[in-house]
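*Asks:* Position one of the sequence shown corresponds to residue -1 (the working numbering), numbered consecutively onward.
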Amino acid sequence: MERKIFIVNLLITFVAYFLVVFEGYFLGKAFDIDNFFAFLYGYPLVMLVNLVPMTIAGLGLREGTAILLLNKFSIPSNGSFNVSFLIFLLNTALPAIWGIFAMYLEEIKKSIYKTDVWAYLITLFGGFLEFHVSL
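(1) Which residues in the same chain have their Cβ closer than 7 Å to the Cβ of VAL6, if we skip the five residues on either side of it in sequence?
(2) Less than 7 Å separating the beta-carbons of PHE86 and ALA36?
(3) For the alpha helix (DSSP H) that contains PHE83, what are its first and last residues?
(4) May I ask you to report which of helix, strand or coil DSSP gives LYS2?
(5) Where do the N-terminal and C-terminal ends of the alpha helix (DSSP H) with MET45 fall, by residue?
(6) On the criterion of 16 or more Cβ atoms from any shown chain inside 10 Å, does ASN76 qualify as buried, or is it exposed?
(7) Identify the continuous alpha helix (DSSP H) that holds GLY62 and give its terminal residues.
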């Protein structure tokens, strides 16, 4: 049974890393980089370097490695930096920010609705949006 769980987890991990490679490729296309094999062969090493605990969240180290490795595939340094940093934003920073917001959302709702003024303003704003959208 443990072997089956290991194999399933390994397959899920490969799929997840392959999705990040596809994400890098499509982000690279936004910067006129059309080299799938560069991302297929180079970006897993960038993700591996991301595990080295030298900087906070691997910032700088990951981007520098992306510049060095993807430069071997004749990808410009500005494009590889942008792709690497955008992958960090999309996969790490934005979900973390959303998680912090979601964690405190219930407390924010309780504090807003304790005062009647905020409830009236929110209702008024919602009514304005409904009126504006219906036009």
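Every residue gets a Cβ at the ideal spot worked out from N, C-alpha and C, and that includes glycine.
*Replies:* In brief:
(1) none
(2) no
(3) PHE83 -> alpha helix (DSSP H) spans 75 to 86.
(4) helix
(5) 34 to 47
(6) exposed
(7) Its alpha helix (DSSP H) spans residues 59 to 69.
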